[in-house]
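Engineer: Protein sequence lines, in the order shown, are assigned to chains A, B, C and D.
Our numbering puts the first residue of the first sequence at 1, with every later residue one more than the last.
Our numbering puts the first residue of the second sequence at 1001, with every later residue one more than the last.
Our numbering puts the first residue of the third sequence at 2001, with every later residue one more than the last.
Our numbering puts the first residue of the fourth sequence at 3001, with every later residue one more than the last.
The structure that follows is given in the form of structure tokens.
Protein chains: 4
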Amino acid sequence: MSDKPPRPRGRREAMAEERREAVLEAALAEFIASGFAATRIEDVARRADVAKGTIYLHFKDKEALFAAAVRAEMAPLAASLAALLEDDAAQPKATLEAVLEALLQRLTQTRTGDVIRLIMSETLRFPEVTRFYRDEIVLPMMGRISALLQRARAAGELRTPETADFPQLVIAPFLLVALTRGFDLEAVTGSADDLLRVHLANIFRGTPDPRTSSE
Amino acid sequence: MSDKPPRPRGRREAMAEERREAVLEAALAEFIASGFAATRIEDVARRADVAKGTIYLHFKDKEALFAAAVRAEMAPLAASLAALLEDDAAQPKATLEAVLEALLQRLTQTRTGDVIRLIMSETLRFPEVTRFYRDEIVLPMMGRISALLQRARAAGELRTPETADFPQLVIAPFLLVALTRGFDLEAVTGSADDLLRVHLANIFRGTPDPRTSSE
Amino acid sequence: MSDKPPRPRGRREAMAEERREAVLEAALAEFIASGFAATRIEDVARRADVAKGTIYLHFKDKEALFAAAVRAEMAPLAASLAALLEDDAAQPKATLEAVLEALLQRLTQTRTGDVIRLIMSETLRFPEVTRFYRDEIVLPMMGRISALLQRARAAGELRTPETADFPQLVIAPFLLVALTRGFDLEAVTGSADDLLRVHLANIFRGTPDPRTSSE
Amino acid sequence: MSDKPPRPRGRREAMAEERREAVLEAALAEFIASGFAATRIEDVARRADVAKGTIYLHFKDKEALFAAAVRAEMAPLAASLAALLEDDAAQPKATLEAVLEALLQRLTQTRTGDVIRLIMSETLRFPEVTRFYRDEIVLPMMGRISALLQRARAAGELRTPETADFPQLVIAPFLLVALTRGFDLEAVTGSADDLLRVHLANIFRGTPDPRTSSE
DNA sequence: AATGAATGAGGTTTCATTCAT
DNA sequence: AATGAATGAAACCTCATTCAT
Chain A
1 MSDKPPRPRG RREAMAEERR EAVLEAALAE FIASGFAATR IEDVARRADV AKGTIYLHFK
61 DKEALFAAAV RAEMAPLAAS LAALLEDDAA QPKATLEAVL EALLQRLTQT RTGDVIRLIM
121 SETLRFPEVT RFYRDEIVLP MMGRISALLQ RARAAGELRT PETADFPQLV IAPFLLVALT
181 RGFDLEAVTG SADDLLRVHL ANIFRGTPDP RTSSE
Chain B
1001 MSDKPPRPRG RREAMAEERR EAVLEAALAE FIASGFAATR IEDVARRADV AKGTIYLHFK
1061 DKEALFAAAV RAEMAPLAAS LAALLEDDAA QPKATLEAVL EALLQRLTQT RTGDVIRLIM
1121 SETLRFPEVT RFYRDEIVLP MMGRISALLQ RARAAGELRT PETADFPQLV IAPFLLVALT
1181 RGFDLEAVTG SADDLLRVHL ANIFRGTPDP RTSSE
Chain C
2001 MSDKPPRPRG RREAMAEERR EAVLEAALAE FIASGFAATR IEDVARRADV AKGTIYLHFK
2061 DKEALFAAAV RAEMAPLAAS LAALLEDDAA QPKATLEAVL EALLQRLTQT RTGDVIRLIM
2121 SETLRFPEVT RFYRDEIVLP MMGRISALLQ RARAAGELRT PETADFPQLV IAPFLLVALT
2181 RGFDLEAVTG SADDLLRVHL ANIFRGTPDP RTSSE
Chain D
3001 MSDKPPRPRG RREAMAEERR EAVLEAALAE FIASGFAATR IEDVARRADV AKGTIYLHFK
3061 DKEALFAAAV RAEMAPLAAS LAALLEDDAA QPKATLEAVL EALLQRLTQT RTGDVIRLIM
3121 SETLRFPEVT RFYRDEIVLP MMGRISALLQ RARAAGELRT PETADFPQLV IAPFLLVALT
3181 RGFDLEAVTG SADDLLRVHL ANIFRGTPDP RTSSE
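Structure below.
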């Protein structure tokens, strides 16, 4: 999203590249909407305003298209995670809050949440994509959070020190948010923002109560 | 299929019922293994040791078979939830612990976790199944936990009182356990049992630290 | 042609077998008429009065259909060759005449000639079929003729004794007959029957002149 | 494609002609290797180091390309046949031997044999090419050989006078050599050279025995 | 009630050909 | 003249569903 390959030289190639991206865009939308099997190449072509054959100029087959579409959407997330991994200086609690807030935003306001759900849906057919997601996104993310938690534990900031051994516990609610799209759960509970605050309060000592600081 | 006993009355119906169940059993296994689209009726038939046509004697079409298979597996869970909903007398914290422990066992030791994952995978194609799952399982579960949490809050047992408004927070880690089957996450973290204990310690006041009982 | 598998039991299977044969029959006709690539499965289906899918009940794919069709047609020839290989008693010249006459009849009056041409046409795409043809038909045939020629040489019946080392020389004109179907060569030369007689006269000593018995 | 000289006039046409020939060359190689249907225009283009579209500047369509490629290869043969047709003076037997020897060389040492096989393979799809081959090559060749045989008959040189009516008999072994490329027949018989000598000995009176002149 | 052969709609993929650059 | 991205018709093959036995 930030760094595209430096614009291919020549009009022809530029247009081809644009089309390739239009196809990826259309493919992702269709896959999200219908899943892998129910998405027809023709649907993707129509949405990208391109002929069926054109898709095969850029992608070997439907599976390759799927993998490419998912990757294209997830790569920025992987990149921004990598960026976060660099500034280890900040204080753990504040950093973790920032990270989780950013993640929540991504999940609720972009297609990232849908893509995560898509990946988990098609895990069986695409072990390779799943592996990419696990290795490039999940494990780094968990590693990052693990490190932060350990520093928080050292600083005595964790309510339960052993939380540092289970980074999943910290991420779990966000996964759930991504996966229950369309479940209308918010109708019966509070907002996603409040959920984040309560969650942090459970994990970190001295986090002020979400709404009332004194009780 | 091979040995037909001289069909006394009553036997016929019993056998038909047996076959129906064999088909459901086989269907569930195949759907879990391959997903809806990639499962072929013929595979189900072979696994159930039944002819293809027989399946259509019991189920209108592939979608009906899917719905029935999922329902059959989830019904006991719904029932046991209903049972839990009755004995409201017990003390909230202990009850919640018992419920979550039971849930964790179901998720890790039976096919229930796989089925939940299957449902979430096929949500797009089966809004009806998803609705069943949401209405019969998820919402009652969340309601039950909500009630427990509210009593816990009244008893001052919650670390963060607002947790009572977000029952998802309590369930989230379990969903995650179900959905990340095959992700090998346990390889990089602690065990599911410890995860449960740490999770409870974060939520409930006075829960002894998972390993060290003195604080 | 002579020994079919002993009629499958049951009406259903019998009809299925009939259809399988109808498909083979239709396939061979279409392949002969259009070659492998230009023959459409749908054409075969229509000619066999069968649905497209039915063909795939019996044959894995188009290539398997081709191989089966060719084999079915050539198997009888292979069998009759095997039969000829048994009665080694007869005198070489007369036997060879009989063999070649039979071969010529097959080539001109049945589809065998067309099939041989078909095989040679599709040699590139079907090394396996070609191998079958080579191993089951060509080499045995050549071996048989070789043996006959050697006995003829021993009896001093060959005009050129070394002919015994080149059984191809004896067969070549027949191959040519098969392969030049549609070339209208007979329009500019004599008949196939006379060709055979002249050919034999060239090879065997003492064969009477084709037309004039006195020299 | 890579180095364009500053295009002086006359050069353009020369280069165009060069490309045309490169395309023909590449096309023939691909057609021989894969047959008509399985050869892709893109393969030809790549082999000729030319863009796909360029081919269509020179040839109307794939069929025209095929016809042109075959013609280009066979034209020299037709021409040399025409040359042979002129010097009718020579003595028949020696001439025929020379002709056949030349033909055998062409068939075994150039691509001519492959092209003949290609033509016969695609006879069904290309009656026009086949007609060209028949009219420009086969019939003249047979006419020439016929004439020679008749003079040989008049000179009493034929073992069987009627051979003169069947020029195919004389050519047949050579066709067979061309068509059985890849059959490994030589592995089980003698060499092509010896085959020629034996063949001639069968046809011509007084041809010395292939290896031993006295017996 | 059970079977499994038959059907044919539907989807993926290929590739000859075109045409804007 | 040359390019090669784009097109879309055409063909293979799959598989849910039906129905005669």
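Where is the CB? At the ideal position from N, CA and C, for every residue including glycine.
Closer than 7 angstroms by beta-carbon distance: list the chain B residues that pair up with Phe31(A), in chain order.
Structural biologist: Within 7 angstroms Cβ-Cβ: nothing; Phe31(A) doesn't reach chain B, min ~10 angstroms.
Engineer: Output the distance between the C-alpha atoms of Leu953(B) and Met1074(B), rounded to the nearest integer angstrom.
Structural biologist: Outside the displayed range of chain B (1001 to 1215) lies residue 953(B), so it cannot be described from this structure.
Engineer: For the region 2140-2154 of chain C against the region 2091-2105 of chain C, do three or more pairs of beta-carbon atoms, one drawn from each stretch, fall closer than 8 angstroms, so that the two count as touching?
Structural biologist: The region 2140-2154 of chain C, when compared against the region 2091-2105 of chain C, does touch it at the 8 angstroms Cβ threshold.
Engineer: Can you give me the start and stop residues for the alpha helix (DSSP H) that Arg3159(D) sits inside?
Structural biologist: Element bounds for Arg3159(D): n/a, residue is neither H nor E.
Engineer: If I measure Cβ to Cβ from Thr2095(C) and keep anything under 7 angstroms in the same chain, skipping five residues before and after, which residues do I get?
Structural biologist: Same-chain partners within the cutoff: Leu2148.
Engineer: Out of curiosity, what's the CA-to-CA distance linking Met120(A) and Thr130(A)?
Structural biologist: Roughly 8 angstroms between the two C-alpha positions.
Engineer: Determine the closest residue to Pro2157(C) out of Val2115(C), Leu2195(C) and Ile2203(C), with distance taken between C-alpha atoms.
Structural biologist: Checking the sequence, you will find Glu at residue 2157(C) rather than Pro. Selected option, being the one with the closest Cα: Ile2203(C).
Engineer: Do the region 2053-2068 of chain C and the region 2013-2032 of chain C meet, that is, are 3 or more Cβ pairs less than 8 angstroms apart?
Structural biologist: The answer is yes - the region 2013-2032 of chain C touches the region 2053-2068 of chain C, with three or more Cβ pairs under 8 angstroms.
Engineer: Across which residues does DSSP place Phe2204(C) in a beta bridge pair?
Structural biologist: In DSSP, Phe2204(C) forms a bridge with Leu2158(C).
Engineer: Measuring only the C-alpha atoms, how far is Pro3173(D) from Pro2173(C)?
Structural biologist: Near 7 angstroms, if we compare the C-alpha coordinates of Pro2173(C) and Pro3173(D).
Engineer: Give the secondary structure of Asp1003(B) by DSSP, where H, G and I count as helix, E and B as strand, and everything else as coil.
Structural biologist: Residue placement at Asp1003(B) is flagged as unreliable, the pLDDT there being 44, under the threshold of 50; the coordinate-derived value follows with that caveat. Three-state result, Asp1003(B): coil.
Engineer: In terms of alpha-carbon separation, which member of Arg1117(B), Arg1205(B) and Pro1161(B) lies closest to Phe1036(B)?
Structural biologist: Nearest option by C-alpha distance: Arg1117(B).
Engineer: Within the region 2043-2116 of chain C, note down every full alpha helix (DSSP H) run reaching 4 residues or more, in order along the chain.
Structural biologist: 2052-2058, 2062-2084 and 2092-2109, all fully within the region 2043-2116 of chain C.
Engineer: Using the beta-carbon count (16 or more within 10 Å), is Glu3042(D) buried or exposed?
Structural biologist: Its Cβ having fewer than 16 others within 10 Å, Glu3042(D) is exposed.
Engineer: Measure from the C-beta of Met1015(B) to each C-beta in chain A and report whether the shortest distance is under 7 angstroms.
Structural biologist: No, its Cβ sits nowhere closer than 7 angstroms to a Cβ of chain A.
Engineer: Is Gly1222(B) helix, strand or coil when you go by DSSP?
Structural biologist: In the structure as shown, chain B begins at 1001 and stops at 1215. Residue 1222(B) is therefore absent and cannot be evaluated.
Engineer: Establish whether the CB of Pro2140(C) and some CB of chain D are separated by less than 7 angstroms.
Structural biologist: It does not; no Cβ of chain D falls within 7 angstroms.
Engineer: Decide if Lys3093(D) is buried, meaning its Cβ has at least 16 other Cβ atoms within 10 Å, or exposed.
Structural biologist: So Lys3093(D) counts as buried.
Engineer: Are there 16 or more other CB atoms within 10 angstroms of the CB of Arg159(A), so buried, or fewer, so exposed?
Structural biologist: Result: buried.
Engineer: Let me check understanding here. Comparing Cα to Cα, which of Ala3068(D), Thr3123(D), Pro3076(D) and Pro3127(D) lies closest to Thr3110(D)?
Structural biologist: The residue with the shortest Cα to Cα distance from Thr3110(D) is Pro3076(D).
Engineer: Under a three-way DSSP split, which group does Phe3126(D) fall into?
Structural biologist: Reduced to three states, the DSSP call for Phe3126(D) is coil.
Engineer: Just verifying my parser: in three-state terms, what is the DSSP assignment at Ser2191(C)?
Structural biologist: Note: Ser2191(C) maps to coil in three-state DSSP.
Engineer: I need the boundaries of the alpha helix (DSSP H) containing Leu1185(B), first residue and last residue.
Structural biologist: Taken as a continuous stretch (DSSP letters only), Leu1185(B) belongs to no alpha helix (DSSP H), as it is neither H nor E.
Engineer: Less than 8 angstroms between the CB atoms is what I'm expecting for Leu104(A) and Leu196(A), so what's the real figure, rounded?
Structural biologist: Contact flag correct, Cβ pair sits at about 6 angstroms.
Engineer: Gly206(A) to Leu200(A), Cα distance in whole Å?
Structural biologist: Spanning the two alpha carbons is a distance of roughly 10 angstroms.
Engineer: Taking Phe1132(B) as the reference, give the member of Phe183(A), Ala154(A) and Glu128(A) with the closest Cα.
Structural biologist: Taking only the C-alpha atoms, the option nearest Phe1132(B) is Phe183(A).
Engineer: Specify, as a first and last residue, the run of the alpha helix (DSSP H) that Phe36(A) falls within.
Structural biologist: Taken as a continuous stretch (DSSP letters only), the alpha helix (DSSP H) holding Phe36(A) covers Arg11 to Ala38.
Engineer: What's the C-alpha gap between Val3050(D) and Ala3014(D)?
Structural biologist: Those two C-alpha atoms are separated by around 16 angstroms.
Engineer: Note down the Cα distance separating Arg40(A) from Leu2065(C), rounded to an integer number of angstroms.
Structural biologist: Distance between the alpha carbons of Arg40(A) and Leu2065(C) is about 30 angstroms.
Engineer: Going by DSSP in three states, Phe3166(D) sits in which element: helix, strand or coil?
Structural biologist: It is coil, neither helix nor strand.
Engineer: Counting only C-beta atoms, is Val70(A) closer than 7 angstroms to chain B at any point?
Structural biologist: Chain B, which has no Cβ nearer than 7 angstroms to the Cβ of Val70(A), makes this no.
Engineer: Straight-line CA distance for Arg19(A) to Leu169(A)?
Structural biologist: Straight-line Cα distance between these residues: approximately 42 angstroms.
Engineer: Checking 7 angstroms against the spacing of the C-beta atoms, do Phe31(A) and Val1198(B) come in under that value?
Structural biologist: No, the Cβ-Cβ distance between Phe31(A) and Val1198(B) is not below 7 angstroms.
Engineer: Between the Cα of Thr2112(C) and the Cα atoms of Arg2153(C), Ala2045(C), Leu2124(C) and Arg2181(C), which residue gives the shortest distance?
Structural biologist: The shortest C-alpha separation from Thr2112(C) is found at Arg2181(C).
Engineer: Can you have a look at Pro161(A) and say buried or exposed, based on whether 16 or more other CB atoms are within 10 angstroms of its CB?
Structural biologist: Buried, since its Cβ has 16 or more Cβ neighbours within 10 Å.
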